[in-house]
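Asker: Okay, handing you the structure first.
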Amino acid sequence: MKSKVKHEDTQRARVRSGGDERGEPLVQVPGPVRQLIRTLEGAGYETWTVGGAVRDALQGIRARAEDWDLATLATPRQVQRLFERRTVPLGVEYGTTGVFGSDKVLYEVTTFRHDVITYGRKAKVAFAKTLDEDLARRDFTVNAMAWHPRRRELRDRHGGRDDLQDRILRAVGSPRKRFREDYLRVLRGLRFAGALNMKIDPDTWDGMVEAVPGLTRLSMERVREELEKVLAGPHPSRSLALYQRSGALKEILPELRNGASAEALATVDALERGDWLLRMAALLLFGMDPGDATPDRVAGLLARLRFSNADAERTGAVVRGGLTPPEGIADDPVARRRWVSRMVRPGRSSVEDILRIWKAVAEAVPDCTDPGAVDRVTTGIRRDRAVGIPTKVGDLPIAGRDLVAQGWLPGPGIGAALRSLMEAVWEDPTLNDRTTLLEMVAAMNLERPPR
1210 MKSKVKHEDT
1220 QRARVRSGGD
1230 ERGEPLVQVP
1240 GPVRQLIRTL
1250 EGAGYETWTV
1260 GGAVRDALQG
1270 IRARAEDWDL
1280 ATLATPRQVQ
1290 RLFERRTVPL
1300 GVEYGTTGVF
1310 GSDKVLYEVT
1320 TFRHDVITYG
1330 RKAKVAFAKT
1340 LDEDLARRDF
1350 TVNAMAWHPR
1360 RRELRDRHGG
1370 RDDLQDRILR
1380 AVGSPRKRFR
1390 EDYLRVLRGL
1400 RFAGALNMKI
1410 DPDTWDGMVE
1420 AVPGLTRLSM
1430 ERVREELEKV
1440 LAGPHPSRSL
1450 ALYQRSGALK
1460 EILPELRNGA
1470 SAEALATVDA
1480 LERGDWLLRM
1490 AALLLFGMDP
1500 GDATPDRVAG
1510 LLARLRFSNA
1520 DAERTGAVVR
1530 GGLTPPEGIA
1540 DDPVARRRWV
1550 SRMVRPGRSS
1560 VEDILRIWKA
1570 VAEAVPDCTD
1580 PGAVDRVTTG
1590 IRRDRAVGIP
1600 TKVGDLPIAG
1610 RDLVAQGWLP
1620 GPGIGAALRS
1630 LMEAVWEDPT
1640 LNDRTTLLEM
1650 VAAMNLERPP
1660 R
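Start counting the sequence shown at 1210; every next residue gets the next number (my numbering).
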């Protein structure tokens, strides 16, 4: 039997900033989200927008469409019955159903719930009857607010508005209890504090530090996802510095014996936002002892963090490139071309990634390298690329079949001959011509069949 929407006694929102002339908050909810709410409430199920999108909207930050989440009295079965083929079961055991809006965006619709049993990871939940029960189980006060666009009402039972205005991150209820319920909240809190440039409430900080050893109970997938969000966001150095201070970095990445130094944090910030793998590579390069940053050890660390094979391969290749250009390649074209060839792997070159790391180091930590050398390497590589200097034998204008046509026996000698020709082209790029190279082949005697 459908429950009727309850119009609970909710104070109209008043905020110190971001409101209209009447003092009401301007929370702009996308039309497709409002349509979902109308459908749910038209069927008798109280429904609110909740979480990070509400928090961001109150700061005047436009949330992405897919970041708008709904909390509702409707159960997953009722949501599925109401929206039928537009639904996707995202986590029905936790009360979450995906519903495609009219804009084809998949929105998360989650039943009001409260925790029954907590394991320090994900809680076992039961469905609740009220929004207040649902908000009381959330992690931080700034995330425990809900907005009703039809009534223009803000539900804020835990002081989230004031904390948001004062830039304070505070746990809902008892911090120690909150973090014991799910230790991932420690990492989430450090990320929020850094990304939103907030101070952490002292009791909340103490609860975080006390809970840090519990991070080892989390699945590595959840840890990696949180780390990815930090590194992909703005100013990751702020969150990473909090990781360091709290002990969380040492707990989840013990391989970083040097931690997150000031140089590492400056470099991570200097790298392009969004490319979290490059930022991860920089963190490893600064944090690991040089003797530890071997391909095998880096691969082991990335495997432990459950990196995909492609992401692990890319990150490991960048770590191989180091923080600064190797000796000599800035001013010796042949040495530079040999280095580029070593950095090329099947299907991908790591050179551009490595150049980005070197440039970021030169900008952020100029004492660590010669910025002019980085510029000369970059210019030389791009000039070589423009004129077609080969980086692998497959780039030559001749191939093994051309040697066979001249009477060479198939075998390793052909590969050696082609590599020799590539070295010759590196020494003198004017030789990189099919006719010239075939003449050079004709003059060779290596591995030719007996006459």
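No residue lacks a Cβ here, since even glycine has one placed at the ideal position from N, Cα and C.
Just so we're clear, the structure is a prediction, and the values are computed from it rather than from any experiment.
Taking just the CA atoms, how far does arginine 1515 sit from alanine 1521?
Answerer: The residue given as residue 1521 occupies position 312 in the sequence shown. The residue given as residue 1515 occupies position 306 in the sequence shown. Spanning the two alpha carbons is a distance of roughly 9 angstroms.
Asker: Do you know whose CA, among Asp1410, Ala1491, Arg1359 and Thr1587, lies nearest glycine 1368's CA?
Answerer: Counted from its first residue, the sequence shown places residue 1368 at position 159. Closest option to glycine 1368, Cα to Cα, is Asp1410.
Asker: Under 8 angstroms: do the region 1253 to 1267 and the region 1342 to 1361 share three or more Cβ pairs, one atom per stretch?
Answerer: They touch, by the three-pair rule.
Asker: Who pairs with glutamate 1317 in a beta bridge, going by DSSP?
Answerer: Start at 1 with the first residue of the sequence shown, and residue 1317 comes out as number 108. Note: glutamate 1317 sits in a beta bridge opposite Gly1307.
Asker: In whole angstroms, what is the alpha-carbon distance linking aspartate 1324 and phenylalanine 1336?
Answerer: For this step, residue 1324 is matched to residue 115 along the sequence shown. For this step, residue 1336 is matched to residue 127 along the sequence shown. Near 9 angstroms, if we compare the C-alpha coordinates of phenylalanine 1336 and aspartate 1324.
Asker: Between which two residues does the beta strand (DSSP E) holding glutamate 1362 run?
Answerer: Walking along the sequence shown from the start, residue 1362 turns up at place 153. Here the beta strand (DSSP E) through glutamate 1362 covers 1362 to 1364.
Asker: Kindly list the residues whose CB is nearer than 8 angstroms to the CB of valine 1553, restricted to its own chain and excluding five residues on each side of it in sequence; keep chain order.
Answerer: As a first step, residue 1553 must be located in the sequence shown, where it is residue number 344. Answer for valine 1553: Ser1559, Val1560, Thr1600 and Lys1601, listed in chain order.
Asker: Could you tell me the boundaries of the beta strand (DSSP E) in which alanine 1479 lies?
Answerer: One-based indexing of the sequence shown puts residue 1479 at position 270. Looking at the DSSP string, alanine 1479 is not in any beta strand (DSSP E); the run it does join, the alpha helix (DSSP H), is 1471 to 1479.
Asker: The alpha helix (DSSP H) that contains leucine 1492, what's its start and end?
Answerer: In the sequence shown, counting from the first residue as 1, residue 1492 sits at position 283. Counting along the chain, the alpha helix (DSSP H) containing leucine 1492 begins and ends at 1485 to 1496.
Asker: Buried or exposed: where does arginine 1231 fall if 16 or more other Cβ atoms within 10 Å of its Cβ makes it buried?
Answerer: Taking the sequence shown and counting its residues from 1, the one referred to as residue 1231 is at position 22. For arginine 1231, the pLDDT reaches just 42, beneath the cut-off of 50, and the residue's location in the model is therefore unreliable, although a value from the coordinates is still provided. Exposed, since its Cβ has fewer than 16 Cβ neighbours within 10 Å.
Asker: Take arginine 1447 and list the residues in its own chain whose beta-carbon comes closer than 6 angstroms to its own, dropping the five residues that flank it on each side.
Answerer: Start at 1 with the first residue of the sequence shown, and residue 1447 comes out as number 238. These residues qualify, in order along the chain: Gly1403.
Asker: What span of residues does the alpha helix (DSSP H) with glycine 1261 cover, start to end?
Answerer: Taking the first residue of the sequence shown as position 1, residue 1261 is located at position 52. Residues 1261 to 1267.
Asker: Compare the C-beta of valine 1236 against all C-beta atoms of chain C and say whether one is closer than 8 angstroms.
Answerer: Included in the structure is just one protein chain, with no chain C present.
Asker: Could you check what DSSP says for tryptophan 1635 in three-state terms: helix, strand or coil?
Answerer: As a position in the sequence shown, residue 1635 is number 426, starting the count at 1. In the structure shown, tryptophan 1635 sits in a helix (DSSP, three-state: H, G or I).
Asker: Hey, is alanine 1402 close to the ligand ATP, as in C-beta under 7 angstroms from one of its heavy atoms?
Answerer: No copy of the ligand ATP occurs in the structure displayed, which carries no ligand at all.
Asker: Name, in chain order, the residues that DSSP records as bridge partners for threonine 1281.
Answerer: One-based indexing of the sequence shown puts residue 1281 at position 72. Note: threonine 1281 sits in a beta bridge opposite Thr1256 and Thr1320.
Asker: Taking the beta strand (DSSP E) that threonine 1524 falls in, what are its first and last residues?
Answerer: Translated into positions along the sequence shown, residue 1524 becomes position 315. Unbroken run through threonine 1524 is the alpha helix (DSSP H), 1518 to 1529; no beta strand (DSSP E).
Asker: How many Å lie between aspartate 1540 and arginine 1591 at the Cα?
Answerer: The count along the sequence shown starts at 1 and reaches residue 1540 at position 331. The count along the sequence shown starts at 1 and reaches residue 1591 at position 382. Going by the C-alpha atoms only, they are around 14 angstroms apart.
Asker: Could you tell me whether the region 1525 to 1540 touches the region 1454 to 1461, using the rule of 3 or more Cβ pairs below 8 angstroms?
Answerer: Verdict: no, contact absent.
Asker: Below 6 angstroms CB to CB, which residues in the same chain sit around tryptophan 1485 once its five sequence neighbours on both sides are set aside?
Answerer: The count along the sequence shown starts at 1 and reaches residue 1485 at position 276. Only Glu1437, Leu1440 and Ala1441 meet the Cβ criterion.
Asker: Which residues in the same chain as valine 1314 place their Cβ atom closer than 7 angstroms to its Cβ, once the five residues preceding and following it in sequence are excluded?
Answerer: On the sequence shown, position 105 is the one that residue 1314 refers to. Within the same chain, valine 1314 has close Cβ partners Pro1241, Ala1274 and Glu1275.
Asker: Please state whether DSSP places aspartate 1410 in a helix, a strand or coil.
Answerer: The sequence position of residue 1410 within the sequence shown is 201, counting from 1. Three-state result, aspartate 1410: coil.
Asker: On the criterion of 16 or more Cβ atoms from any shown chain inside 10 Å, does alanine 1652 qualify as buried, or is it exposed?
Answerer: Taking the sequence shown and counting its residues from 1, the one referred to as residue 1652 is at position 443. Exposed, by the Cβ-count rule.
Asker: Out of curiosity, what's the CA-to-CA distance linking glutamate 1656 and valine 1549?
Answerer: Here the question's residue 1656 lines up with position 447 in the sequence shown. Here the question's residue 1549 lines up with position 340 in the sequence shown. The predicted position of glutamate 1656 is uncertain, since its pLDDT is 47 and thus under 50; a value taken from the coordinates is nonetheless stated next. Distance between the alpha carbons of glutamate 1656 and valine 1549: 28 angstroms.
Asker: By DSSP, does alanine 1335 sit in helix, in strand, or in coil?
Answerer: The residue you call residue 1335 lines up with position 126 of the sequence shown. It is a strand residue.
Asker: If we ignore side chains and look at the alpha-carbon of each, how far apart do arginine 1431 and tryptophan 1414 end up?
Answerer: Start at 1 with the first residue of the sequence shown, and residue 1431 comes out as number 222. Start at 1 with the first residue of the sequence shown, and residue 1414 comes out as number 205. Each residue's alpha carbon lies about 21 angstroms from the other.
Asker: Rounded to whole angstroms, what's the CA-CA distance from threonine 1503 to threonine 1524? Just pull it up for me.
Answerer: Counted from its first residue, the sequence shown places residue 1503 at position 294. Counted from its first residue, the sequence shown places residue 1524 at position 315. Threonine 1503 and threonine 1524: Cα-Cα distance of roughly 12 angstroms.
Asker: Given a cut-off of 8 angstroms on the beta-carbon distance, is the pair threonine 1281 and phenylalanine 1321 in contact?
Answerer: For the purposes of this step, residue 1281 is identified with residue 72 of the sequence shown, where counting begins at 1. For the purposes of this step, residue 1321 is identified with residue 112 of the sequence shown, where counting begins at 1. Closer than 8 angstroms, so yes.
Asker: Anyone know if the C-beta pair for aspartate 1372 and arginine 1361 falls short of 8 angstroms?
Answerer: Residue numbering aside, residue 1372 sits at position 163 when the sequence shown is read from its first letter. Residue numbering aside, residue 1361 sits at position 152 when the sequence shown is read from its first letter. Against a cut-off of 8 angstroms, the Cβ pair of arginine 1361 and aspartate 1372 comes out as no contact.
Asker: So, under 8 angstroms CB-CB, alanine 1420 and tyrosine 1452 are touching, yes? Tell me the CB distance rounded to an integer number of Å.
Answerer: Counting from 1 along the sequence shown, the entry for residue 1420 is found at position 211. Counting from 1 along the sequence shown, the entry for residue 1452 is found at position 243. In fact, because the Cβ distance is near 14 angstroms, the residues do not count as touching under 8 angstroms.
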